[in-house]
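Peer 1:
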Amino acid sequence: MFAEFLLDNIVLAVGCGLLGGMTLYMWSQAGSSFALDVHAAVLRINQDNAQVIDLRSKEDFERGRLPGSRHVPAAEIAAKASALAGKRPLLLVCATGTISAAQARKLHAAGMKDVSTIKGGLRAWLDEGQPTHRGKKK
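For the sequence shown, UniProt numbering gives the first residue as 1, with consecutive numbering after it.
1. State the beta-bridge partners of GLN103 as determined by DSSP.
2. Going by the CB atoms, is the gap between ALA110 and ALA74 shorter than 8 Å?
3. Quick one: give me the first and last residue of the alpha helix (DSSP H) that GLN130 is part of.
4. Locate the beta strand (DSSP E) running through ILE118, then write down its first and last residues.
5. Just to confirm before moving on: does the CB-CB distance between GLN47 and ARG70 stay below 8 Å?
6. Using only the alpha-carbon positions, how far apart do ILE45 and THR117 sit?
7. Would you mind reading off the limits of the alpha helix (DSSP H) that contains ASP48?
8. Given a threshold of 16 other Cβ atoms within 10 Å of its Cβ, counted over all protein chains shown, does ILE10 qualify as buried or as exposed?
9. Would the beta-carbon of LEU55 fall within 8 Å of that of VAL72?
10. Round the Cβ separation of LEU122 and VAL115 to the nearest angstrom and send it over; I've been treating them as touching at under 8 Å.
11. Kindly identify the DSSP beta-bridge partner or partners of LEU91.
12. How should GLY97 be labelled, buried or exposed, when 16 other C-beta atoms within 10 angstroms of its C-beta is the threshold for buried?
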């Protein structure tokens, strides 16, 4: 009976399927509107004086980081959110952009609106030939 209904109303069935697929896609992309490509991230740092927060391990941070970045492990970002909230926008970065996107969503949900990430993380930054610093931050 259900199959007969679908066959009789194929346009309706296809339309519902497309609408459902589009809804799932949009839902999966929710929260990624704050993900910037490398070029936009550079502009955010240079023009908006964004504070870069590196969420990777201390060892990875010391191996190579964005110039001027501050190390705050991902596990500690929520606890330090109020201290990080200020006049400067935040730009979160991790190795691939996945962890930073999840943490940015949490900060957005907690009320911090001026938070963005680098789409593709440090890997994308390096692929674009952008500079990094090594060693312990002084």
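Don't be surprised by glycine CBs; every beta carbon is placed ideally from N, CA and C.
Peer 2: Walking through what the data contain:
1. In the sequence shown, the residue the question calls residue 103 occupies position 103. Paired residue(s): none; GLN103 is not in a bridge.
2. Walking along the sequence shown from the start, residue 74 turns up at place 74. Walking along the sequence shown from the start, residue 110 turns up at place 110. It is not a contact, given that the beta carbons lie outside the stated cut-off.
3. As a first step, residue 130 must be located in the sequence shown, where it is residue number 130. Going by DSSP, GLN130 is part of no alpha helix (DSSP H) at all; its letter is neither H nor E.
4. Taking the first residue of the sequence shown as position 1, residue 118 is located at position 118. That run of the beta strand (DSSP E) goes 115-118.
5. Residue mapping note: residue 47 aligns to position 47 of the sequence shown, counting from 1. Residue mapping note: residue 70 aligns to position 70 of the sequence shown, counting from 1. Result no, Cβ atoms of GLN47 and ARG70 do not sit closer than 8 Å.
6. Translated into the one-based positions of the sequence shown, residue 45 becomes position 45. Translated into the one-based positions of the sequence shown, residue 117 becomes position 117. The alpha-carbon atoms of ILE45 and THR117 are separated by roughly 11 Å.
7. As a first step, residue 48 is located in the sequence shown; it is residue number 48 there, counting from the start. From DSSP, the alpha helix (DSSP H) with ASP48 extends over 38-48.
8. The sequence position of residue 10 within the sequence shown is 10, counting from 1. Burial is judged here by how many other beta carbons sit within 10 angstroms of a residue's own beta carbon; ILE10 has fewer than 16 and is exposed.
9. Taking the sequence shown and counting its residues from 1, one reaches residue 55 at position 55. Taking the sequence shown and counting its residues from 1, one reaches residue 72 at position 72. Yes, the Cβ-Cβ distance between LEU55 and VAL72 is below 8 Å.
10. To locate residue 122, count along the sequence shown from 1; it is residue 122. To locate residue 115, count along the sequence shown from 1; it is residue 115. Their Cβ separation, rounded to whole angstroms, is 17 Å, which puts LEU122 and VAL115 out of contact at 8 Å.
11. Numbered from its first residue, the sequence shown carries residue 91 at position 91. Paired residues: VAL52, SER116.
12. Taking the first residue of the sequence shown as 1, we reach residue 97 at position 97. GLY97 comes out buried.
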